[in-house]
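Trainee: For the record, in the sequence shown the residue sitting at position 178 is 919 according to our numbering, with numbers rising by one throughout.
Glycine included, each C-beta is placed from N, C-alpha and C at the ideal position.
Since the model is a prediction, treat every value here as computed from it, not as a measurement.
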Amino acid sequence: MKLNFSASEILFQQQIQDFITAHFPPTAPYAHSRADEQRWAAVLNAQGWAAYQWPRQFGGTGWDMTQKYIWERATAMAGVPARLGGMGMFMLAPILYTFGSEAQQSRFLPGILDNSINWCQGYSEPGAGSDLASIRTRAVRDDAHYIVNGSKTWTSYAHQADWIFCLVRTEALERKQDGISFLLIDMRTPGISVQPIVTIEGKHSSLNSVFFDAVRVPIENRIGDEGCGWRYAKGLLTHERTGLAYVADSIRRLQRLRRIAAQTPAGLTTLLHDADFARKLAEVEIDLLGLEITELRTLAEAASGAAPSAQSSILKLKGSLVLQRITELFVECAGLQALPYNLDGLNARDSLEADRFRTEISTYLYARSASIAGGTNEVQRNIIAKRVLQLP
Ligand SMILES: Cc1cc2nc3c(=O)[nH]c(=O)nc-3n(C[C@H](O)[C@H](O)[C@H](O)COP(=O)(O)OP(=O)(O)OC[C@H]3O[C@@H](n4cnc5c(N)ncnc54)[C@H](O)[C@@H]3O)c2cc1C
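Right, here's the structure in full:
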């Protein structure tokens, strides 16, 4: 198995690095303001790299898996605003250009590409998270429309979204994965209401409940065939093989943790040289190194054309644990300074850098969700047990 980059990939890596340094100097702040994100989005659009994951014919770069990996790694290491375009760019667009009609592609992809339309993902429901196929939100045909009734929960950024892509039940069949359809719904349609969910951070940052009360959705807003939505939604998840493990993000966080620990007094020395803290730091660094190798191994297998494996579950499981552990060490490093918690400050994104620990505390709390969102760690362990370890 080849874990090293080829000469052309190394050249590509250098070009990417030069581009990032030219447009996003290393002195840029760790936390970004909205203005930083908008500036970066304009730079990427001008370069044609905003939709770096998409095929060329839809306005993307046409990069192969290794090139995408190099890009994701370089941007994360440089700390530039990541994953601009959110759920529309990364989750809906692949479904649109793989399964959508030409009319749907030309109607919806441009708004995702130029970031003018915000999308949210309406999959989970009360009682249907890990067991997603148990969704109960109903869509019943009425001539040229579906009438949608039900609710979605944990819907990230629904309060800011223009549209929502939803899994809905169009038929109740014996196999619950059957009879699910994939609908695109304009959030301004009468009958939709959004309620904020206040999270462990003590504020409403991203999560919401969305309620549908006799919402009329034109039939042309259904992706693909009626009853086949499960296939469209799930099929693409198996292709998301890298970037699951937050490796570059964790490397960058660890570098910062080391810098802060080196400035934090501990007895006659600094925290970085305190035996107990140094051991914890070393443990997480070893885990991260193992994770990085696993990610490269997954990439090498995928690049050689191997079928998707359950390895992504290992990346998701270990990646979330490493990330959470690093955020715990930041809290340990902050010590008593971890206690003050400024909610107003948390909402003022432009002044994040003012308090070096405030972001770490909110990150620590928010990182608890890394082992839940996108498939819980218990579910990943089940997958690893069955499909990797072949346990009965
Ligand atoms: C920050 C965040 C953002 C999210 N954003 C979105 C979004 O934008 N759109 C969206 O649709 N959803 C979103 N979700 C929802 C997310 O997909 C679900 O939370 C996740 O799938 C788990 O479902 P659940 O919360 O219903 O928990 P449950 O499935 O009810 O699980 C509860 C507990 O039981 C365990 N469990 C469940 N089944 C098994 C099993 N078979 N074996 C062993 N243990 C099991 C779980 O691991 C967990 O500990 C988000 C969640 C979070 C935390």
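So, under 8 Å CB-CB, residue 885 and residue 960 are touching, yes? Tell me the CB distance rounded to an integer number of Å.
Mentor: That pair is a contact at about 5 Å.
Trainee: Run through DSSP, which three-state label would residue 945 get?
Mentor: Correct three-state label for residue 945: coil.
Trainee: Have a look at residue 1130 and residue 857 and give me their C-alpha separation to the nearest angstrom.
Mentor: Taking the straight line joining both Cα atoms gives about 45 Å.
Trainee: Distance check for residue 909 and residue 1095, CA to CA, integer angstroms please.
Mentor: Confidence in residue 1095 is poor, its pLDDT being 36 and thus under 50, which makes the residue's placement unreliable; the coordinate value appears in the next sentence. The straight-line gap from Cα to Cα measures roughly 44 Å.
Trainee: Pull up the DSSP beta-bridge partners for residue 960, would you.
Mentor: None, per the DSSP bridge assignment.
Trainee: Taking its Cβ as the centre, do 16 or more other Cβ atoms sit within 10 Å of residue 859, making it buried, or is it exposed?
Mentor: Answer is buried; the Cβ neighbour count reaches 16.
Trainee: Considering only their Cβ atoms, is the gap separating residue 1032 from residue 1063 smaller than 8 Å?
Mentor: A contact, by the Cβ cut-off of 8 Å.
Trainee: Could you name the residues of the same chain whose beta carbon sits closer than 6 Å to that of residue 785, not counting the 5 residues immediately before and after it, in chain order?
Mentor: Cβ neighbours of residue 785 beyond the five flanking positions: 791.
Trainee: Under the DSSP definition of a beta bridge, which residues are partnered with residue 910?
Mentor: Note: residue 910 sits in a beta bridge opposite 879 and 921.
Trainee: So, using beta-carbon positions, are residue 800 and residue 833 closer together than 8 Å?
Mentor: Contact flag unset, no.
Trainee: Distance, Cα to Cα, residue 1092 vs residue 903?
Mentor: Residue confidence for residue 1092 is low, a pLDDT of 41 falling below 50, so the modelled location carries little weight and cannot support an answer.
Trainee: With three or more C-beta pairs closer than 8 Å as the rule, is the stretch 923-941 touching the stretch 986-998?
Mentor: Segments in contact, no.
Trainee: Under the DSSP definition of a beta bridge, which residues are partnered with residue 927?
Mentor: DSSP output for residue 927 lists 904 as bridge partner(s).
Trainee: Going straight from the alpha carbon of residue 963 to that of residue 1043, what length do you get?
Mentor: Distance between the alpha carbons of residue 963 and residue 1043 is about 31 Å.
Trainee: Report the three-state DSSP secondary structure of residue 843 (helix, strand or coil).
Mentor: It is helical.
Trainee: Compare the Cα-Cα distances from residue 901 to each of 948, 764, 1046 and 819 and report the closest residue.
Mentor: Closest by alpha carbon: 948.
Trainee: Taking the straight line between their C-alpha atoms, what separation do you get for residue 1069 and residue 1104?
Mentor: Those two C-alpha atoms are separated by around 10 Å.
Trainee: Using the beta-carbon count (16 or more within 10 Å), is residue 925 buried or exposed?
Mentor: Buried, because 16 or more other Cβ atoms sit within 10 Å of the Cβ of residue 925.
Trainee: CB-CB under 8 Å to residue 825, same chain, minus the five flanking residues each way: which ones, in chain order?
Mentor: These residues qualify, in order along the chain: 778, 781, 782, 785, 791 and 856.
Trainee: Any chance the CB of residue 863 is under 7 Å from a heavy atom of ligand 1?
Mentor: Residue 863 Cβ: within cutoff of ligand 1.
Trainee: Rounded to a whole number of angstroms, what is the C-alpha to C-alpha distance between residue 882 and residue 836?
Mentor: Rounded to the nearest angstrom, the two C-alpha atoms are 23 Å apart.
Trainee: Taking residue 995 as the reference, which of 1010, 1027, 965 and 1037 has the closest Cα?
Mentor: With distances taken between Cα atoms, residue 995 lies closest to 1027.
Trainee: Reducing DSSP to helix, strand and coil, say where residue 835 ends up.
Mentor: Here residue 835 sits in helix by DSSP.
Trainee: Can you tell me which of the three DSSP states residue 866 falls into?
Mentor: In this structure, residue 866 counts as strand in the three-state DSSP scheme.
Trainee: Quick one: what's residue 892 bridged to in DSSP?
Mentor: Looking at the DSSP assignment, residue 892 forms a beta bridge with 952.
Trainee: Is the distance from the Cβ of residue 1118 to the Cβ of residue 1061 below 8 Å?
Mentor: Contact: yes.
Trainee: Please indicate yes or no: does the CB of residue 948 lie closer than 7 Å to some heavy atom of ligand 1?
Mentor: Answer for residue 948: yes, Cβ within range of ligand 1.
Trainee: Which of the three DSSP states, helix, strand or coil, is assigned to residue 871?
Mentor: Residue 871 falls in the coil class under three-state DSSP.
Trainee: Quick one: is the Cβ of residue 736 within less than 7 Å of any heavy atom of ligand 1?
Mentor: Absent from the model: residue 736. The displayed extent of the chain is 742 to 1133, so no value can be given.
Trainee: Looking at the secondary structure, which residues open and close the beta strand (DSSP E) in which residue 934 lies?
Mentor: Looking at the DSSP string, the run of the beta strand (DSSP E) that includes residue 934 is 933-937.
Trainee: Measure the alpha-carbon distance for residue 1020 versus residue 973 and round it to whole angstroms.
Mentor: The alpha-carbon atoms of residue 1020 and residue 973 are separated by roughly 46 Å.
Trainee: Ligand 1 and residue 859: does any heavy atom of the ligand fall closer than 7 Å to the residue's C-beta?
Mentor: Answer for residue 859: no, Cβ out of range of ligand 1.
Trainee: Please classify residue 1104: does DSSP put it in a helix, a strand, or coil?
Mentor: DSSP places residue 1104 in helix when its eight states are reduced to three.
Trainee: In the DSSP assignment, what are the bridge partners of residue 1011?
Mentor: Per DSSP, 1006.
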